[in-house]
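What follows is a single structure, written as structure tokens, with notes after it.
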């Protein structure tokens, strides 16, 4: 327990004021250990750029209730913009006001406070604020996501050891109750969008003199305006008479209730909006025939795909100038029998005409993945709302229990008369009743949020079932379609086999008649002549014939060069085509190898970012793509075709 001698306490407080930049290490009375105060001071300095305003003028509001020279209770309101004006206001040598409200605002709960670090330290030092309030101050900072934790801290100095007569000139006794807390709520911003908000508050009450102090942090002026109106209303009711200790205690309890009731506002409208969103997203899960839609969806997709492919095929083959006339086509079909041979080009199937009802009930439009994502985000929002409601209710319960125990504790009641004890006990009971009502409201909102959350979870399960049903029926349909295609391919293969046998017969017959055709051509050219004169012939058994050598020479002189020229032209055309094709293959192969190398670099960089315990996985992942790149080069060296490389993904033959 901390205490100071009477003759040194005032001097110690003056030294604390002078060394305000050392807060909280300069506190005169604190239950925190020195190392804890040092850690708080370090955190406050390190986080200052993100928490406190650096250049713009400060916006610190102060409302004081104090009695003037005639004993009339008046109020004084000021807006402080710099450290010097703050010093003049707080360090005056006069007694503290009966009640003081200090408002420090920010643009939002996710932006810095509208004061500097030195100004905040001076405020906390002058009022000897408990160290744990720093935790709540640091929640107001520039951040991407809102603060989601609520807490209640208490540090009462009610033992007689804390009594400090040397502070009587300042209107302080050293015997005081003090606590700090923050509560969470929902508010609409300037764009009428619901945003999570919070209020952080510090309160101290002198148990001997009845002086109260409030320090309130809020993202706007809502609580400031309400407290000002409540304070002015109190002045009117009291007719400007000074407040007694019990009346001051009652007023602090009313201020607690005013601040705490804020966290229960807006939840009804917010949950109603979320419930409407949930019903809008999950309407199909409650009324649509998912099983039938999943079956029809697979068929519709296949029919649409076949119709589209058939339309493209007909458009690419439709050429009116190249089609023969009707009579010519009939004659050709009659002579060649081609009309009995399938050409492979089939007419486009008639397009399925969807009715308006079918178009509206398409499963992919009614149960999309985007709806699933919206439903999941809705569940997250509701879950976070439940957490805020639960934490705020817990903090309010802590406040209620704290005052319930306080007014019944001997440490507090020893500073009160018997009548004051009864009065304060009655005021505390009234506060407890009102706080229980607020807690009950928060529990009701939490129960409603739980129902909405369960609805979203159930709808999410139905969405998963819908996607599974759709996938199952689509797989079944395409399996049946694949089986039909396989049967058609088998039939086509049999027909092609029959045609191949016919071609073999034609080839054999051609080979049989080809020598005779060549010999008949030579005989009919006049190089060999037959006649009655057979003296030049080569025997009576082969008939009378003679050879004209000049004609034979002319025949070979024409045919052999012509054959050579034909072969040369063909070879030149072949080489030209190969030379034009090889650069394209090399470019594509180089692109494949470079892309494989890039993939290897990417996998290596990702593997380096993984934790150390996944070292073998990193090496395996980085080496797989590298082996693929080497395989590309090896296959190109081995003469593998580009088409085969693309078909197998560069794995025609791997030396690794």
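In our numbering, the protein residues as written are 1024 to 1679. Here a beta-carbon is modelled for each residue, glycine too, at the ideal position from N, C-alpha and C.
Item                                                                                                                                                                                       : Value
Measure the C-alpha to C-alpha separation of residue 1157 and residue 1038 and round it to an integer number of angstroms.                                                                 : 21 Å
Is it right to say residue 1632 is buried, meaning 16 or more other beta carbons lie within 10 angstroms of its own, or is it exposed?                                                     : Confidence at residue 1632 is low in this model, with a pLDDT of 49, below 50, so its placement is unreliable and the value that follows should be read with caution. Flag for residue 1632 reads exposed.
Report yes or no: do the region 1224 to 1242 and the region 1121 to 1136 share at least 3 C-beta pairs separated by less than 8 Å?                                                         : yes
Any Cβ of chain D within less than 8 Å of the Cβ of residue 1222?                                                                                                                          : No chain D is present in this structure, which holds just one protein chain.
Helix, strand or coil: which one does DSSP assign to residue 1051?                                                                                                                         : coil
Could you have a look at residue 1137 and say whether DSSP puts it in helix, strand or coil?                                                                                               : coil
What is the residue span of the beta strand (DSSP E) that residue 1219 lies within?                                                                                                        : 1217 to 1229
Would residue 1146 and residue 1114 qualify as a contact pair, given that the criterion is a beta-carbon distance under 8 Å?                                                               : no
Please report how far the alpha carbon of residue 1443 lies from the alpha carbon of residue 1267, in whole angstroms.                                                                     : 10 Å
Is the region 1401 to 1412 touching the region 1478 to 1487 in the sense that three or more CB pairs, one from each, lie closer than 8 Å?                                                  : yes
How is residue 1395 classed by DSSP in three states: helix, strand or coil?                                                                                                                : helix
Roughly how many whole angstroms lie between the Cα atoms of residue 1490 and residue 1396?                                                                                                : 13 Å
Exposed or buried, residue 1546, counting other C-beta atoms within 10 Å across all chains shown (16 or more means buried)?                                                                : exposed
By alpha-carbon positions, which one of 1540, 1569, 1541, 1539 ends up nearest to residue 1551?                                                                                            : 1569
So residue 1068 is in the alpha helix (DSSP H); what residue range does that whole segment cover?                                                                                          : 1057 to 1069
Might you give, ordered along the chain, the residues of its own chain that have their beta carbon closer than 8 Å to the beta carbon of residue 1283, omitting 5 neighbours on each side? : 1206, 1419, 1422, 1458, 1461
Of the choices 1436, 1255, 1520, whose alpha-carbon is the least far from that of residue 1098?                                                                                            : 1255
Between which residues of its own chain and residue 1168 is the CB-CB distance below 8 Å, once the five residues before and five after are set aside?                                      : 1133
With respect to the beta strand (DSSP E) encompassing residue 1088, which residues constitute its N-terminal and C-terminal limits?                                                        : 1083 to 1090
With a CB to CB cut of under 7 Å and the five nearest residues on each side skipped, what residues in its chain are close to residue 1231?                                                 : 1196, 1198, 1438
Using only CA atoms, which one of 1236, 1138, 1529 lies nearest to residue 1087?                                                                                                           : 1236
Is the CB-CB distance between residue 1136 and residue 1163 below 8 Å?                                                                                                                     : yes
Evaluate residue 1036 with the Cβ neighbour count: other Cβ atoms within 10 Å of its Cβ, from every protein chain shown; 16 or more gives buried, anything less gives exposed.             : buried
Can you tell which of 1393, 1138, 1516 has its C-alpha closest to the C-alpha of residue 1486?                                                                                             : 1393
Who are the Cβ neighbours of residue 1297 in its own chain at under 7 Å, not counting the five residues just before and after it?                                                          : 1401, 1404, 1405, 1475
Short of 8 Å in beta carbon distance, which residues of its chain neighbour residue 1064, apart from the five on each side in sequence? Order them along the chain.                        : 1045, 1046, 1047, 1048
Counting along the chain, where does the beta strand (DSSP E) carrying residue 1290 start and finish?                                                                                      : Premise fails: residue 1290 lies in the alpha helix (DSSP H), 1290 to 1304, not in any beta strand (DSSP E).
Taking its Cβ as the centre, do 16 or more other Cβ atoms sit within 10 Å of residue 1152, making it buried, or is it exposed?                                                             : buried
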